[in-house]
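What follows is a set of notes on a single structure, which appears directly below.
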Amino acid sequence: MTALLRPVLVLICLAVPALAETPALQTVRLSLDPDSATLEVETRIEAPEGPVRLPDLGWLEITGLAIGERAAVPDGATLAPGRHGGAPVTVRLAGRLPQPARPIGLASMTADGGHLVGADWLPRDDRTLRRFRLGLSVPESHRVVATGSLSGETRVEGRYRADFVFTGRPRDLGLFVGRYTIAEEIRDGRRIRTYFEDGDADLSAAYIDAAAGYLARYEAEIGPYPYDSFAVVSAPIPVGLGFAGLTYVARSILSHPYMRGRSLAHEVVHSWWGNAVAVDYAAGNWAEGLTTFQADYALAEAEGAAAAREMRLEWLRGLAQLPADDIGALRDFRSAAHDGRQAVGYGKAALVLHMLRDEIGPAAFRAGIRRFYAAQEREVAGWADLADAFGAAAGRDLSGFFDQWVNRPGLPEIRLDAAEAIDTGGEPALRIALSQSGPAFRLAVPLRIDTAAGTVTRHVRLEDTRLSVTLPLDAPATGVHVDPGFDLARRLLPGEVPPTLRALSGAGMTLRLAGTAAGLEEAARTLAARLLRREEVALEAPGAATADLLVIGTTAAVSRLRDEMIAGPAPWDPATGAARIWAERDATGRQIVFASADRVKALTEELAAAPYYAGRSYVAFAAGATVETGVWDMPSSPLARSFATAQPR
Numbered sequence: 154m155t156a157l158l159r160p161v162l163v164l165i166c167l168a169v170p171a172l173a174e175t176p177a178l179q180t181v182r183l184s185l186d187p188d189s190a191t192l193e194v195e196t197r198i199e200a201p202e203g204p205v206r207l208p209d210l211g212w213l214e215i216t217g218l219a220i221g222e223r224a225a226v227p228d229g230a231t232l233a234p235g236r237h238g239g240a241p242v243t244v245r246l247a248g249r250l251p252q253p254a255r256p257i258g259l260a261s262m263t264a265d266g267g268h269l270v271g272a273d274w275l276p277r278d279d280r281t282l283r284r285f286r287l288g289l290s291v292p293e294s295h296r297v298v299a300t301g302s303l304s305g306e307t308r309v310e311g312r313y314r315a316d317f318v319f320t321g322r323p324r325d326l327g328l329f330v331g332r333y334t335i336a337e338e339i340r341d342g343r344r345i346r347t348y349f350e351d352g353d354a355d356l357s358a359a360y361i362d363a364a365a366g367y368l369a370r371y372e373a374e375i376g377p378y379p380y381d382s383f384a385v386v387s388a389p390i391p392v393g394l395g396f397a398g399l400t401y402v403a404r405s406i407l408s409h410p411y412m413r414g415r416s417l418a419h420e421v422v423h424s425w426w427g428n429a430v431a432v433d434y435a436a437g438n439w440a441e442g443l444t445t446f447q448a449d450y451a452l453a454e455a456e457g458a459a460a461a462r463e464m465r466l467e468w469l470r471g472l473a474q475l476p477a478d479d480i481g482a483l484r485d486f487r488s489a490a491h492d493g494r495q496a497v498g499y500g501k502a503a504l505v506l507h508m509l510r511d512e513i514g515p516a517a518f519r520a521g522i523r524r525f526y527a528a529q530e531r532e533v534a535g536w537a538d539l540a541d542a543f544g545a546a547a548g549r550d551l552s553g554f555f556d557q558w559v560n561r562p563g564l565p566e567i568r569l570d571a572a573e574a575i576d577t578g579g580e581p582a583l584r585i586a587l588s589q590s591g592p593a594f595r596l597a598v599p600l601r602i603d604t605a606a607g608t609v610t611r612h613v614r615l616e617d618t619r620l621s622v623t624l625p626l627d628a629p630a631t632g633v634h635v636d637p638g639f640d641l642a643r644r645l646l647p648g649e650v651p652p653t654l655r656a657l658s659g660a661g662m663t664l665r666l667a668g669t670a671a672g673l674e675e676a677a678r679t680l681a682a683r684l685l686r687r688e689e690v691a692l693e694a695p696g697a698a699t700a701d702l703l704v705i706g707t708t709a710a711v712s713r714l715r716d717e718m719i720a721g722p723a724p725w726d727p728a729t730g731a732a733r734i735w736a737e738r739d740a741t742g743r744q745i746v747f748a749s750a751d752r753v754k755a756l757t758e759e760l761a762a763a764p765y766y767a768g769r770s771y772v773a774f775a776a777g778a779t780v781e782t783g784v785w786d787m788p789s790s791p792l793a794r795s796f797a798t799a800q801p802r
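Sequence positions in the sequence shown follow the numbering used here and run 154 to 802.
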């Protein structure tokens, strides 16, 4: 049963996992008034190493400094080692948290809550890891939570205080405050909590159940869960962020079922990848791809082969939206920012891991995951460490595989140049010619061959720009399809790519209004800023007809405008649901996204979650729920051939 912690708060302690070597301590005492967004902080760095960097932020002021037990005056942005001499450094700070910025700032406060993420607001030294002891105080109307382990909480003299212990990099520290009701259960000795506003309290039990299930699943797959608790915290701003033992999720999307599915699984896995094992960003952010593979993709595989194939195809469609020059090397991917290049760090990386598992086999892949975690827990790791772990598990050198897929930019583009069913001395065979863009990738290309006796699967090695091969068969071939399951990281050909809502990630998209209903322009601009992730969205200039376009308006007006812009019938009923959004191309190839609703107010109410359906061609909503979604069918593939009869050779 889920406990709601409201009027009385008691001290609850759970064991904190011990490290082989305890990092030096930094204490933080913080008092925050959310209504005025003001805070006071006192922090003490024990045994500082190297220079101590002081915060240099416009909203935060240094109000006191001590070296050892003696008061001091800052003389710049850092305290040199010769000045502090390794003695403890105590700094007092005060300030007013800023309003949220776009992109979302690392420190902000709204009327509904706020956060402090990373170490820019704290003094810090050169130590990679720190053990933080946090004492956090807010008015009793609010609750505050931090990354790490809750060591105690009380309510005294009209204020709520919570104490946390966190061991990790200063940049991974996070504090979150809001008017939360806390729900809690202890599962397998771990505290699992939700910090939700009153209106969302009925979601807590489902989130706790889901989180507990994911923790058990991934502990079995990866290794011991590195923390003693996990929390889901409601955010007043549009984010979805993962931290050590905690995820911070926009309140506006908490009720959507996918948040308790793949999205929550994704954030749980980040407790291992990116937190317990930190990312060497200079060598590339591997954590997003590995998390996507083990969370999002694994759950799709559990649904069945069709769902897994569809997710691989979504990744490839996301990459197809990028110009070829923007598909960078995985070693160059750093940020999880929500732009088109996210397709590289998430989708391309996950496809590479899918190909790696095919290359070395599922057993070696699972062993490599566990080996990597055991070796790198509490360390900073890069792609080379993953290559070492998988190579050791597979008993072979995988440096060539990782060099090709991690260090090389771009993707191969594979073409089916010729295919014919032949008869060689009374024996059926398939003659096939493939090519790829240069410089060549080394590829194991899967083929699905349809024969008179059934379907067979073969792989051919394409390691140059061209390959011609004859494959003997047991029965005459009737057709062939190259990479039918979309198992390869490659550039899709034009005939394989239907329009999808990923078009919204394009930088050049402009806005056109459909209809003249009261309040339409304001609602359309608000929705467009959310869909395109921009502060301001320009209306289409008069006479312009080349840029990709976002059309927003009422149901009937958008439907009429669509019929004027695109020849042929609409691919679905443009009045489905209470609000809907879909993507098409006009005769020139321009991408057009149409968004409409039966009521102007429903544009912003119903379509807020549309960015989370980037891989879909269309989605309709009613009463906040998805009522229909999918991807347009493509009539034929340029990588498929059908044969009538075999010709003797």
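Just so it is clear, CB atoms sit at the ideal spot from N, CA and C, and this is done for glycine as well.
Based on DSSP bridge pairs, tell me the residues matched to TRP468.
DSSP lists no partner for TRP468.
With distance defined between alpha-carbon atoms, name the residue in PRO647, ASP228, ALA547, GLU420 nearest to ILE522.
ALA547
May I ask you to report which of helix, strand or coil DSSP gives ASP485?
helix
Should ASP341 go down as buried or exposed, given a rule of 16 or more other Cβ atoms within 10 Å for buried?
exposed
Return the chain-ordered ranges of every beta strand (DSSP E) run that is complete within the stretch 277 to 363 and spans a minimum of 3 residues.
283 to 292, 296 to 299, 302 to 309, 312 to 321, 327 to 331, 334 to 340, 343 to 349
For VAL194, write down the residues that DSSP places opposite it in a beta bridge.
LEU183, LEU246
Delimiting residues of the beta strand (DSSP E) encompassing PRO581
580 to 589
For LEU210, is the classification buried or exposed, using 16 other Cβ atoms within 10 angstroms of its Cβ as the cut-off for buried?
exposed
Just tell me which of LEU417, ILE602, THR729 has its CA closest to the CA of PRO625.
ILE602
Rounded straight-line distance, which links the Cα of SER749 to that of SER290
46 Å
Are the CB atoms of ASP279 and GLU202 nearer to each other than 9 Å?
yes
At 4 residues or longer, and completely inside the stretch 399 to 456: list those alpha helix (DSSP H) runs for me, N to C.
417 to 422, 440 to 445, 451 to 456
Helix, strand or coil for PRO625? Go by DSSP, reduced to three states.
strand
With respect to the alpha helix (DSSP H) encompassing ALA710, which residues constitute its N-terminal and C-terminal limits?
708 to 718
Inspect the CB distances between the stretch 504 to 517 and the stretch 535 to 552 and report whether three or more fall short of 8 Å.
yes
What is the residue span of the beta strand (DSSP E) that THR782 lies within?
778 to 783
Leaving out five residues before and five after ARG494 in sequence, what residues of the same chain have Cβ atoms less than 8 Å from its Cβ?
LEU475, ASP479, GLY481, PHE486
Alpha carbon of LEU259 to alpha carbon of PRO276, nearest angstrom
15 Å
Rounded to whole angstroms, what is the Cα-Cα separation between ASP576 and THR623?
11 Å
So, does the stretch 453 to 472 touch the stretch 640 to 650, judging by three or more C-beta pairs under 8 Å?
yes
Residue nearest to GLY706 in terms of C-alpha spacing, selected from VAL753, PRO234, VAL690:
VAL753
Go through its chain and collect everything with a Cβ distance to GLY395's Cβ below 6 Å, but skip five positions before and after it.
GLU420, HIS423
Suppose you measure from the CA of PRO578 to the CA of ALA605; what does that come to, to the nearest Å?
Before going on, a small fix: residue 578 reads as Gly here, not Pro. Cα to Cα, GLY578 sits roughly 18 Å from ALA605.
Hey, out of PRO204, GLY721, GLY321, whose CA is closest to ALA177's CA?
GLY321
Short check: CB of ARG346 to CB of LEU368, under 9 Å?
no
For the putative contact between ALA179 and ARG206, defined by C-beta atoms under 8 Å, what is the C-beta separation to the nearest angstrom?
What sits at residue 179 in the sequence shown is Gln, not Ala. GLN179 to ARG206, Cβ: 13 Å. No contact.
Per the DSSP calculation, ILE705 is bridged to which residue(s)?
LEU666, ALA748
Between the C-alpha atoms of THR741 and ASP716, what's the straight-line distance to the nearest angstrom?
15 Å
Taking VAL386 and PHE317 to be in contact with their CB atoms under 8 Å, please state how far apart those CB atoms are, rounded to whole angstroms.
In fact, because the Cβ distance is near 13 Å, the residues do not count as touching under 8 Å.
Please report the distance separating the alpha-carbon of LEU250 from that of ARG182.
16 Å
Per DSSP, what kind of secondary structure is ALA254 in: helix, strand or coil?
coil
Go ahead and pull the three-state DSSP assignment for TRP735.
strand
From GLU306 to TYR401, what does the alpha carbon distance come to, in whole angstroms?
20 Å
Residues that HIS268 bridges to, as DSSP identifies them:
SER261, PHE329
Going by other Cβ atoms of all chains shown within 10 Å of its Cβ, with 16 needed for buried, is ASN560 buried or exposed?
exposed
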